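Remarks on the structure that follows.
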Amino acid sequence: MIGFADLDAGNKEDNMSMNWGMANRLARIIKPEDGRAVMLAVDHGYFLGPTSGLEEPRKTIEPLMPYADSIMLTRGVLRTSVDPKSDKPVVLRVSGGTSILKELSNEDITVSIDDCIRLNVSAMALSIFVGSEFEKETLVSLTKLVDEGEKFGIPVLAVTAVGKDMARDVRYLGLACRIAAELGAHIVKTYYCDDFEQLIESCPIPVIIAGGKKTPEMEALELAHHAVTHGAVGVDMGRNIFQSDCPVGMIQAVRAIVHENVSAKEAYKIYESSKGAKQKRAAG
Ligand code: R5P
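Numbering (the numbering used here), first residue to last: 61 to 344.
Set out below in C-alpha cells:
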C-alpha cells in the first residue's frame with residue numbers, strides 16, 4: 061500500500077492506513093520524485109474580486125500552467141478559465157463567503173463535496189483564521205471538510221490566513237500550522253518567517269509557503285529558496301508570479317528553486333533570461 065512516507069514529503073508520516081485515492085491525489089500535488097511541490101495560486105478573487113494580474117484569469121493562467129505541478133483556484137475560475145482537457149491537478153478553494161469589505165475571518169465552506177468530486181479535484185483548500193473573530197467556526201469547518209475528504213479520499217490543504225492584528229512570526233504561524241495538523245489537514249500553507257525550522261519541526265504534515273504581497277523578483281526568489289532549504293515542501297505562490305513583469309520567467313525560476321535546488325541568484329538569471337526573450341519578441 062502506498063503510504064504518506066512514499067511521497068518523501070519530509071518523511072513526516074508513516075501513514076499506512078491512508079487510502080489509495082488519498083495517497084494518489086497527494087502524489088499528484090507533492091511530486092514523489094523529490095517530495096516537492098509547485099502550486100500556482102490564482103484563487104485571490106474569492107474575496108478580492110478582480111485582483112491585479114488576474115482580471116482575465118484564462119489569459120494569466122494558460123501560459124503559466126506548464127510550469128506548475130498543480131493549480132489552486134475557485135470553481136468559478138476553474139469552469140470558466142481552464143480547459144477541462146487539462147491534466148493539471150486542481151486544488152480547489154472551498155472556503156469563502158466574505159469580501160475585503162467585511163470581516164474576513166467569517167468564512168464558511170462554499171463548495172459541496174459532490175461538486176469537488178464532479179470537478180475531479182486533487183485537494184480541497186480552506187482558510188483557518190487562528191486568533192481572529194471567527195477562529196472557532198473556521199477550525200470547525202476544517203474538521204468537517206477533513207471528515208468529508210476522508211470519506212472520498214480527497215486531501216485537505218489548510219491555509220493559515222493571517223488576521224489584521226496577527227504577527228507573522230514563528231509563534232503565531234507555528235500555532236496555526238500545528239492546529240491545522242492536529243485537526244486533520246493533510247497539507248498546510250503558511251508564510252515564511254524567522255526560525256522557520258521550528259515551525260517545520262512542530263508540524264507533522266507537509267508545509268508549503270505562500271508568496272504574499274508582490275515584492276521585487278529577487279526577494280520573492282530568496283523567500284522561496286529559504287523556505288525550501290529550511291523544510292517547506294514547496295510553494296503555493298500567486299502575486300509574486302502573476303504580478304511580475306515576466307510571470308513565465310518567475311514561475312520557471314521558482315520551479316528551478318523547488319525542483320532543481322538552484323540558488324536564488326541562479327533562479328534570478330532564469331527569470332532575467334525569460335524576460336529578455338519576452339522583450340525581444342515584443343520588439344519583433
Ligand atoms: C489567499 O488569497 C490565497 O490563499 C492565496 O492563494 C495565497 O495567499 C497565495 O498567494 P500569494 O502568493 O499571492 O500570497
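Idealized CB from N, CA, C, for every residue including glycine. Because the structure is a prediction, the values reported are computed rather than measured.
Thr289 sits in a helix when the DSSP states are folded into three classes. In this structure, Phe189 lies away from Ser172, with their beta-carbon atoms at least 8 Å apart. Contact between Leu202 and Ala240 holds, with the beta-carbon distance rounding to 7 Å and staying under 8 Å. Inclusion of Ala101 in the 7 Å shell around the ligand R5P follows from its C-beta lying nearer than that to a non-hydrogen atom of the ligand. For Leu164, the secondary structure class from DSSP, reduced to helix, strand or coil, is coil.
Residue state for Ile268 is assigned as strand, using DSSP reduced to three classes. Across the structure, Val219 and Leu186 are spaced so that their CA atoms are roughly 6 Å apart. Between the C-alpha atoms of Met78 and Ala343 there is a straight-line separation of about 53 Å.
Comparing alpha carbon positions, the residue from Gly291, Lys274, Ala337 and Thr275 closest to Lys249 is Gly291. Following the DSSP letters along the chain, one finds Leu199 inside the alpha helix (DSSP H) bounded by residues Glu195 to Phe212. For the 8 Å CB-CB criterion, Ala101 and Gly298 form a contact. Counting along the chain, Asp296 sits inside the beta strand (DSSP E) bounded by residues Gly294 to Met297.
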